[in-house]
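So the sequence lines, in the order shown, correspond to chains A and B.
Quick note, the first sequence lines up with residues 515 to 940 if you use the numbering used here.
Quick note, the second sequence lines up with residues 24 to 779 if you use the numbering used here.
Think of the CB as a built atom: it goes at the ideal place given N, C-alpha and C, for glycine as much as any other residue.
None of these values were measured; they are calculated from a predicted model.
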Amino acid sequence: MSIKSKLIRMKKHLQTETNDKKESTELEKDSSSDEIPHETLSLEDSFSKLGFVPFYFDGERSYRKRVVYTYDQKRDKALLRSMTKLKDFWSSDLTTHPLSFHGKSTDRLLFFDTETTGLSTGAGNVIFLIGYARLKAEGIEVTQHLLESPSNEAAFLSGFLEDFAEDDYLVTYNGKSFDWPQVKSRHAFIRKELPKLPEFGHIDLLHSARRLWKHELPSCRLSIVEEEKLHISRENDTPGSLAPLLYFDYLHEKDPHHLAGIIKHNDQDVRSLAYLYEQIAMKIIFSSNGNTTSMEHYYIGDWFEKLGNYEWAFYHYEQSIERSSRPFSQAYYRLGLLNKKLGNKQEAIRLLSTSLHQTTFPPLEAWIELSKLAEHYEKDMEKAIYYAKEASSQLKKTKRMTQTIRKRQEANLNKRLNRLEQKFRK
Amino acid sequence: MFGKKTLAELIKELKKDSQVTHWHEIPEKEAKTVEMPHELDNRIKRALEKRSIKQLYTHQKSAYDTVMRGENVVAVTPTASGKTLCYNLPVLQKHMNHPAGRALYIFPTKALAQDQKAELNEIIDEMEVNINSYTYDGDTPANIRQVVRKAGHVVITNPDMLHAAILPHHTKWISLFENLETIVIDELHTYRGVFGSHVANVIRRLKRICAYYGSNPTFICTSATIANPEELSSELIGEPVRLIDNNGAPKGKKHFVFYNPPIVHKQLNIRKNGTKVVNELASRFLKEKIQTIVFARSRVRVEIILSHLQELVKNEINRQSIRGYRGGYLPKQRREIERSLRSGETIGVVSTNALELGVDIGQLQVCVMNGYPGSIASSWQQAGRAGRRKDESLVIMVANSSPLDQYLFQHPEFFFEGSPETARINKDNLIILVDHLKCAAYELPFHRGDTFDGVDVEEILEYLTEERVLHDNNDKWFWMNDAFPAHNISLRSAAQENVVIIDQSAVENHRVIGEMDTFSAMTLLHDEAIYLHEGTQYQVEYLDWDEKKAFVREVDVEYFTDANLAVKLKVLEIDKDKAAGMHNVQYGDVMVTAMATIFKKIKLETFENIGSGPIHLPEQELHSNGLALTFAESTFANEKDDVIEQVLMGMAHVIQHVSCVHVMCDRNDLHAVPEVKAIHSQQPTVFLYDRYPGGIGLSESVYTQINEIIRECLDFVWNCSCDGGCPSCVGVAGAGPETQVKKWVLKLLSQIATYE
Chain A
515 MSIKSKLIRM KKHLQTETND KKESTELEKD SSSDEIPHET LSLEDSFSKL GFVPFYFDGE
575 RSYRKRVVYT YDQKRDKALL RSMTKLKDFW SSDLTTHPLS FHGKSTDRLL FFDTETTGLS
635 TGAGNVIFLI GYARLKAEGI EVTQHLLESP SNEAAFLSGF LEDFAEDDYL VTYNGKSFDW
695 PQVKSRHAFI RKELPKLPEF GHIDLLHSAR RLWKHELPSC RLSIVEEEKL HISRENDTPG
755 SLAPLLYFDY LHEKDPHHLA GIIKHNDQDV RSLAYLYEQI AMKIIFSSNG NTTSMEHYYI
815 GDWFEKLGNY EWAFYHYEQS IERSSRPFSQ AYYRLGLLNK KLGNKQEAIR LLSTSLHQTT
875 FPPLEAWIEL SKLAEHYEKD MEKAIYYAKE ASSQLKKTKR MTQTIRKRQE ANLNKRLNRL
935 EQKFRK
Chain B
24 MFGKKTLAEL IKELKKDSQV THWHEIPEKE AKTVEMPHEL DNRIKRALEK RSIKQLYTHQ
84 KSAYDTVMRG ENVVAVTPTA SGKTLCYNLP VLQKHMNHPA GRALYIFPTK ALAQDQKAEL
144 NEIIDEMEVN INSYTYDGDT PANIRQVVRK AGHVVITNPD MLHAAILPHH TKWISLFENL
204 ETIVIDELHT YRGVFGSHVA NVIRRLKRIC AYYGSNPTFI CTSATIANPE ELSSELIGEP
264 VRLIDNNGAP KGKKHFVFYN PPIVHKQLNI RKNGTKVVNE LASRFLKEKI QTIVFARSRV
324 RVEIILSHLQ ELVKNEINRQ SIRGYRGGYL PKQRREIERS LRSGETIGVV STNALELGVD
384 IGQLQVCVMN GYPGSIASSW QQAGRAGRRK DESLVIMVAN SSPLDQYLFQ HPEFFFEGSP
444 ETARINKDNL IILVDHLKCA AYELPFHRGD TFDGVDVEEI LEYLTEERVL HDNNDKWFWM
504 NDAFPAHNIS LRSAAQENVV IIDQSAVENH RVIGEMDTFS AMTLLHDEAI YLHEGTQYQV
564 EYLDWDEKKA FVREVDVEYF TDANLAVKLK VLEIDKDKAA GMHNVQYGDV MVTAMATIFK
624 KIKLETFENI GSGPIHLPEQ ELHSNGLALT FAESTFANEK DDVIEQVLMG MAHVIQHVSC
684 VHVMCDRNDL HAVPEVKAIH SQQPTVFLYD RYPGGIGLSE SVYTQINEII RECLDFVWNC
744 SCDGGCPSCV GVAGAGPETQ VKKWVLKLLS QIATYE
C-alpha cells in the first residue's frame, strides 16, 4: 500500500487540526461581494488596494502601510493635551511608576500590537501582521507590516526593526507575555541576518487595566475595556480570534482581500491603546479633574500602596471615601491599616473603629487588627478580648466564605482568644 | 519481641518446602576496579574521594574512556552498580575542559529526574565549582524556568517535557542547543513498544534542532539487561553506539527460588491460587519486619494483595507499614511512599512494574513475584530490588496457572541461561511518524529534499499540505495552523485521552484520586465496576464516557469485577503470505473493533462467580497490523463449530503467550482472536494483532519467527503434565473430555511446525 493510501485509510486515527475554516471564508465573502473581482489583479496590485506598498530586503519582499489620522476630533485634541501634561509630570515625579515614560518625548511611545497564526507561544506560531501607532505632530501615525509569505520573514521583521529606535517605548496590551516574546522568538530564527533586538522600556496596559477594573468588568479583554471604558464601539469588526484562519485563507488563495478585516482591526487596536493609556494614566495622576469613580480610586490606592507610594495611596483611599455614595467600610479599613504600617497607631485605631461603624458586616480583619492594637499598643486585654470575640461572632454569621478559609480563620481566632485570656488572667 | 527469626533462618525453612521446584544461588561477586583516569580534574577526584570513591568499577572506566573519545555508548548495568557515574563522570570532566558546554539528561519519569539531580548536585557541591544543574519538568516554577533555559549547564528532564515544552519552544533555549555536547538517556530499556517509538521520534526532532543550531552531541545511554541494548539504543538515537557491559560492581549472595503452588484439582491440573500463596509467603517475612517487596502483574492484583497482607499481619505490624504503589496514584502520594521505604518506616510494598525503574527506594531484602512478570529482563529488574552490595537476599517467584509461568517452571534453564528478550520499537509507525512530523514542522520548516533523520517524508508533507496543516512555499513546508501539535500527542498511552477518577464519597469534597487510559477504562471503570485504590474498594457509580470522568464512591463488598471484551477482526490488506507446514500464515493491515460486553462479580475469598451485569459503552475501533494463521479447509473435517471454536481458543491462548515471551511485550500489547470462519478467507483462523493504532512491529516480528514460535508452543504443550488440557497450557478449564482440546492443539501445532 502506498503511504498516501495508508494515510487516507488511517485518517480516523490521525489527529486533525482542522476547525471551522468554512465560517471564516463565508464571513469574508459577505463583505467582499461588492468589490471588483480581484483574481485579475497581481498580488502587488491587490496589496496596494489595501494601502500596502512593497519594499525589499536581501531580495525578499515585504509590505508596509503608513496612514496618518489627523487630530480633528475633540477627543484627539484632548489626547494631545493630556499626553503633554503627563510627559511633564513623569519628568519630575513618580519616575519609576509602571506607567511612566520618564525622559522620553511623547512621539517615542509606540502603541504596539501583533496578529499571529495561533495563540500558542511556540516556534511554529508566526507573526503575520505588526502594527504600531505613534503620536506625531501632524496626527496619529499608524504603521503596519504584513508578511507576504512565511519565506519572507527576514524582510518583514527588518522593515519593523529599521523603523524602531533604541529609545522607543513600547505600549502594549498583554505584550509582556505574548506579543514581545513572540517577536523575540521570530527574531531568533533569523538573528544572523538581522540586527540585534534592542532592549527598551515596555508598558503593558493589561496589567494596569486589571488593577483598576478586574473587579467590575466581566473580563479585561481589550474589546471589552474599549467598549466599557473608552466608549468606542466598532462596527463590522473582524474579531481578532479569526486572524489565524483568515491568514491561512489568504495564503491558500493568494488573495490579500481576506486580510482586509483583520488589518482594520489591528489599526483600530493600536489607536485604542493610545486612548487607553491616556485614560488610565490620567485617572491615576490627575484624577482631581477627571471622572474617576470611588471604586477606581480605591483600587488605584491599593496599587500605589503595593508600589510603596503611600502618600498617593492615602490620597486615593480618601478620595474613594469622599466620592462614594454609600458608607465605604473597606476603604477606612485600608486607611487604618496603612496608618498602622506607618506607625500612626492612634490614627489607625480611629480609622479602624470608623470602618466598624459603616456597615453591619465590616471587614473581619478590622476587628482582628483592633484586637492586636489593643493587645500590643494600648495594653488593654479586656478590649482586645472584646474585639476578638466580635470577630468570632461575625465569622459565624458570614456566609460567603470557603470552608478552608473559614477553618483557618476559626483556628487563628481561637488561638488568639486563648492567649488573650491567659494573659488577662495573669 | 521474642523468637524473632532472621532472614537466614527463614531461608533455611524455605529450603525444606516441597513446593520449591528450583533453587538457584547466585554467588557473591568481588568488585573489579581500576585506577581513576589520571587526566581527571583534581576537583572531581577530591569530590569523589569525599564520597569514598577512590577507584572506578571497570564498566565506569570503559564508559568514561569511550565517551571522551566522542563515541556514543550504551552501558548495561544491573541495579545498584553505580551506573550514574557512567555519565556523570564524563559530563563533569567535559565541563571542566570546556565550561561553555551543556548537557541534557533524559529520564523516563519525573521522580527519577529529581533523584538524579540531588545526587549530581552533591558531587558538584563538593567540587566547589559553579556548575548549574536543574530539573525542568511540569513542577518547575515559572520564574526558575528562565534561569534553567539561560544558565543550566545540566538540564534534567523527561521525554514528555522535551516533546511538549522544550522542543516547540526551542527559540528560548538557544544557548542550550548551541552548546549541547552530551545527551544522557537513562533507563533505555523502558523506551520500547509504543512509548519507545514515540521517544525515538522525539530524539529525531531533538537532533534536527541541534543540527539547526550547529551542535552535534554525544549520547550516553544506560540500560537494564536486555538482549539487544546496542540495537535498541542505535535505533532510538539513529546512530551507531558502543556497548559497555564489563560490569565490575560487587554483589551480595542472592537466592532465586521458583515456587509452584500445590495442585488442588488433579484431573484439571489446577493449582492453588498464586495470590494466596504470595500472601502467605510475604507475610512470613513481614511479620519479622524484614523489608519485602511484592510485585503483581496488574493494578487490581496489587490492591487485592495489599488488602490481604494488611489483614494477615495486622497483629505484628502497623497497617500503614504496608503500602501499595502503582500507576494511577498521584505523584505526591508516590513520592511519600518512596521516601518512607528509604527511611524504613514502610516495611512492605506491593507494586506493579512501576517500581522496576530505578526510582530510589533503597535496597530491600526480599522480593516476591506474583507470577512471571512476562519477560526475563523485567524479572531481573524486579529481582534487583532485593539485594544490597554485601548482604544476602532472597527472590521468590510464585507461578500461577498461566501457560507462560508453567512453561518457565518446566524450563528453569530458559530463565537462568537463556538470553533475555529483545526490545523493539517501530519508529516509522505511520501514525506516530505523522504525529511527530507535525511537531517537527511546527518547530522548523522542512526544505524540499530534507529527510527526517534519514526517512524520506515528502509524501507525508504533501499529505499534510493537502490537509491544510502545512503550507508549501518557495520549496519549504511551513507549519500553517493555529494548533499546537505537541499538546494533542501523548507519548505514553495508545489512547490519547485519560479517564479521570473522581471520588464522591464525601458530598462536599469530591476529589480526583487517579486516572486511567480509555482502553483500560472500558473494562475497569464501567458502571458498577469495583475499582480498588490503595486497598480501598470503590464502586463506579457513573462513567461519563464523553467527558472522560468516572465517579466512584467508597464501598465495602466481598467481590471484585472482571469484564469481558468482545473483539472482531477484519483484514484490510495482505502484505505478506507464506506456507506454515500444512497451513498458511499471512501478515498485513487489520481493523479491530472492541466492545466491552458484560462483567462478572467474583468473590474475593473463593474466586467464585457470584453475579454479572451488562456494560453499555460504545465500540472502539483500531486500525493495526496483525497476522492470520489460517487452517486448511480439510483440517477439521466434520467437527462441529463449537468444537472448532474450543480448539482455536486453545491455539490462540498458547500462541499469544509464547509469542509475548519471544517479542518481549506485555500480554496486553499483543492480542489473539480465534475465528471459526474468518471473513476474509471463510476458514478457521487465529489472529494476532498489535494493540496500538498502526501497529508497533510485534506481529510482524512474530510472522518472521513463526516457525520457531510454533515449535516452542508444541514443546510446551507436549510437556504439560495435564491430560486433556488445562488452564496452564491450552487455557480451557473444565472442557469436556469429548473435545480433547489438548490433542487437537498438539495436532495442529505439529502440522504447522517444520524441522530442518
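- Cβ atoms of A506 of chain B and G815 of chain A stay farther apart than 8 Å, at about 44 Å.
- DSSP places R576 of chain B within a strand segment (E or B) once states are collapsed to three.
- The Cβ of L453 of chain B sits closer than 7 Å to at least one Cβ of chain A.
- Taking C-beta atoms as the reference points, P443 of chain B and A400 of chain B count as a pair closer than 7 Å.
- Contact between the stretch 526-546 of chain B and the stretch 475-495 of chain B is absent: fewer than three C-beta pairs spanning the two stretches fall below 8 Å.
- Residue range L719 to W727 is occupied by the alpha helix (DSSP H) that includes L726 of chain A.
- With 16 or more neighbouring CB atoms inside 10 Å of its own CB, N452 of chain B falls in the buried class.
- Only residues of its own chain outside the window of five on either side were considered, and among them L593 and L744 have a CB closer than 7 Å to the CB of Y789 of chain A, listed in chain order.
- A direct Cα-to-Cα measurement between E629 of chain A and G717 of chain B gives close to 38 Å.
- With a threshold of 7 Å between beta carbons, H703 of chain B makes no contact with chain A.
- Residue range A774 to I799 is occupied by the alpha helix (DSSP H) that includes Q793 of chain A.
- Taking a Cβ-Cβ threshold of 9 Å, the residues of chain B close to H766 of chain A are R491, H494 and M503, in chain order.
- Counting other Cβ atoms within 10 Å of its Cβ, G754 of chain B reaches 16 or more and is therefore classed as buried.
- Under the three-state reduction of DSSP, R735 of chain A is assigned to coil, being neither helix nor strand.
- E655 of chain A sits in a strand when the DSSP states are folded into three classes.
- DSSP places D607 of chain A outside any beta strand (DSSP E), giving it a letter other than H or E.
- Going by C-alpha positions, I644 of chain A is about 35 Å away from H811 of chain A.
- Contact with chain B is absent for G850 of chain A, since none of that chain's Cβ atoms lies less than 7 Å from the residue's Cβ.
- Chain-ordered listing is empty here: chain A has no CB closer than 9 Å to the CB of H82 of chain B, the nearest sitting near 39 Å.
- Across the structure, T868 of chain A and I882 of chain A are spaced so that their CA atoms are roughly 14 Å apart.
- Assignment of Y846 of chain A by DSSP, reduced to helix, strand and coil, places it in the helix class.
- Residue pairing by DSSP places R346 of chain B opposite B:V372 in a beta bridge.
- Looking at the DSSP output, Q587 of chain A shares a beta bridge with no other residue.
- By the criterion of at least three beta-carbon pairs nearer than 8 Å, the stretch 571-591 of chain B is not in contact with the stretch 659-676 of chain B.
- If you look at C233 of chain B, you'll find it isn't in any beta strand (DSSP E); it sits in the alpha helix (DSSP H) that goes G216 to Y235.
- The residue from A:L851, A:W817 and A:L927 with its alpha-carbon nearest to that of L613 of chain A is A:W817.
- Taking a 10 Å sphere around the C-beta of K525 of chain A, we find fewer than 16 other C-beta atoms and assign the residue as exposed.
- Within the model, the alpha-carbon separation for L884 of chain A versus P841 of chain A is close to 20 Å.
- The beta-bridge partner set that DSSP reports for Y87 of chain B is empty.
- Fewer than three Cβ pairs drawn from the stretch 126-143 of chain B and the stretch 31-44 of chain B lie within less than 8 Å of each other, which leaves the two stretches out of contact.
- Setting aside the 5 residues that flank it on each side, Q562 of chain B is surrounded in the same chain by E551, I553, V575, R576 and V578, each with a C-beta closer than 7 Å to its C-beta; the list follows chain order.
- In the three-state reduction of the DSSP assignment, A880 of chain A falls in the helix class.
- Per DSSP, the beta bridge partners of N393 of chain B are B:V421.
- Counting other Cβ atoms within 10 Å of its Cβ, I455 of chain B reaches 16 or more and is therefore classed as buried.
- One thing to note: L661 of chain A has its Cβ within 7 Å of the Cβ of F670 of chain A.
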